[in-house]
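Chemist: My questions will all concern the structure given below.
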Amino acid sequence: MSSPLHIFARSISPALLFMIVLLVLTVPQANTQASEDIATLSYQTFNRISAIYQAGGEARDLVDRLNSALQLIQDAHVKRSQGDEAAAKNLEDQARQAMNEVNNEVPTAQQRSERESRNKTYSVLISAIFVTVISTFAFCVALRGWRWYEKSKLFEMRIVEKKAKD
Amino acid sequence: MRRRLKISSKDRRYLIAFVIAVTLITSGSALYTLNPPPSEQFFALWVLGSHAKTEDYYPDNNPNLKVAEEVNWTIGVYNHMGSLEYVVVRVKLLNSTQPSPNQLVGSPSPASPLFEFTRVLLDNETLTIPFEWKITNVTLERQSVLITGLSLNQLQLGGELVKALSGRNYRFVFELWVLDARANDLSFSWSGMGGRHSAWVQIWFNVTRTISA
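Quick mapping for you: the protein sequence lines, in order, are chains A and B.
Using this note's numbering, the letters of the first sequence map in sequence onto residues 524 to 689.
Using this note's numbering, the letters of the second sequence map in sequence onto residues -11 to 201.
Pasting the structure below:
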């Protein structure tokens, strides 16, 4: 007659085996999914920074930080190839955190770039108006000067004519 | 009594014409400053030799490489698309029989990449990537040489990487992929003037049948 412990062990071993098989099959997929997630996150972060540039702004600091995060992902790939899964995961976590920080700062950068873009537009328009006004004033002065010169020349000619008549 | 500034009708015409001309010129300049016309958009991809020149691609200029012989190249990418771009350089190892990328139809090589270099490039920015590699292991199979170990920038690769008859005509293929914002995925081709374009470059080499350098 089998002992209760023996019966328990016989009943639990198929379940345990099933769980081990399930774990072995799931972990590589989890790695693949994590890689896809981090790639998608990098695309999303890039698209948000790109929107700032498309609106006429700049965000050089955010671009540099995104590139640092991409370098971390690359280094993680190297570590994984060397068999150091823990270091690879750590690097990927750092990259993920860096990209999340960049995403959080995008709205502020967007507002700043919109402000800078507006200021640039205003300064260009004001410069154009200023140049027009100054040029027109200079033209008026030059025109008046020319007319005065013409009149003084005419006056000189009249004096010479009068002297000749006399 | 204040003197009134008299302007003759002739001068008034000159003044009006001048104001119109200056307004047109300054408006045009302002418009050009705020909305510059787009220039030709393109990417450039290249591979240079060990001293970042178009020479010295192989040690002693000999493309017949031995195992453990180090090769140093520099990969370059230039962004002239007028915008921020997410670029990926995919490195593939092929033999002469495997399909090359086809830039006419925008299709990449079907081979899997060994490695990818990813970077966000500003407009007018150039990316230079040191590419140091060496064959670490080969297996001789009758008439063919199978590369089974490769080191790329500290990345160690193993397995049946690529096989070539008599160890001749292997090639590294470098493909330029760009993030397509609409598809939200990488694309081997991009839209430019005159249609879609792709960029890829390959460098050939041979492997000698001796086992070690």
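C-beta atoms are modelled at their ideal positions from N, C-alpha and C, and glycine is treated no differently.
Can you check which of these residues, A/558, A/580 and A/527, is closest to residue 638 of chain A by C-alpha distance?
Modeler: For residue 638 of chain A, the nearest C-alpha among the options comes from A/580.
Chemist: Just to confirm the assignment, what range does the alpha helix (DSSP H) spanning residue 589 of chain A have?
Modeler: Note, residue 589 of chain A: alpha helix (DSSP H), 583 to 604.
Chemist: With the cut-off set at 7 Å, would you say residue 189 of chain B and residue 121 of chain B are in Cβ contact?
Modeler: Against a cut-off of 7 Å, the Cβ pair of residue 121 of chain B and residue 189 of chain B comes out as no contact.
Chemist: Which residues, in order along the stretch 6 to 29 of chain B, keep a beta-carbon less than 8 Å from a beta-carbon of chain D?
Modeler: No chain D is present in this structure, whose protein chains are A and B.
Chemist: Assuming the contact rule is C-beta atoms closer than 8 Å, residue 116 of chain B and residue 76 of chain B should be a hit. Round their C-beta distance to whole Å, please.
Modeler: In fact, because the Cβ distance is near 16 Å, the residues do not count as touching under 8 Å.
Chemist: Go through its chain and collect everything with a Cβ distance to residue 201 of chain B's Cβ below 7 Å, but skip five positions before and after it.
Modeler: Low confidence applies to residue 201 of chain B: its pLDDT is 41, below 50, so where it sits in the model is not reliable, and the reading given next is rough at best. The residues are 54, 55, 56 and 57.
Chemist: Against chain B, with Cβ distances strictly below 7 Å, would residue 564 of chain A count as a contact?
Modeler: By this cut-off, residue 564 of chain A is not an interface position.
Chemist: For chain A, find out if any of its Cβ atoms is closer than 7 Å to the Cβ of residue 125 of chain B; answer yes or no.
Modeler: No, because no Cβ of chain A sits closer than 7 Å to the Cβ of residue 125 of chain B.
Chemist: Is the shortest distance between the beta-carbon of residue 665 of chain A and the beta-carbons of chain B less than 7 Å?
Modeler: So, not an interface residue.
Chemist: Leaving out the 5 sequence neighbours to the left and right, which residues in its chain are closer than 6 Å to residue 599 of chain A when beta-carbon positions are compared?
Modeler: Hits under 6 Å: 611, 614 and 615.
Chemist: Excluding the five sequence neighbours on either side, which residues of its own chain have a C-beta within less than 7 Å of the C-beta of residue 149 of chain B, listed in chain order?
Modeler: 81, 135, 136 and 138, listed in sequence order.
Chemist: Could you give the distance in angstroms between the alpha-carbon of residue 597 of chain A and the alpha-carbon of residue 104 of chain B?
Modeler: The straight-line gap from Cα to Cα measures roughly 8 Å.
Chemist: Would the beta-carbon of residue 564 of chain A fall within 7 Å of that of residue 572 of chain A?
Modeler: It is not a contact, given that the beta carbons lie outside the stated cut-off.
Chemist: Taking DSSP's pairing of strands, which residues face residue 678 of chain A in a bridge?
Modeler: None; residue 678 of chain A has no bridge partner.
Chemist: Where does residue -11 of chain B sit, in a helix, a strand or coil, going by DSSP?
Modeler: Residue confidence is low: residue -11 of chain B scores 49 on pLDDT, short of 50, so the model does not pin down where it sits. No coordinate-derived value is stated.
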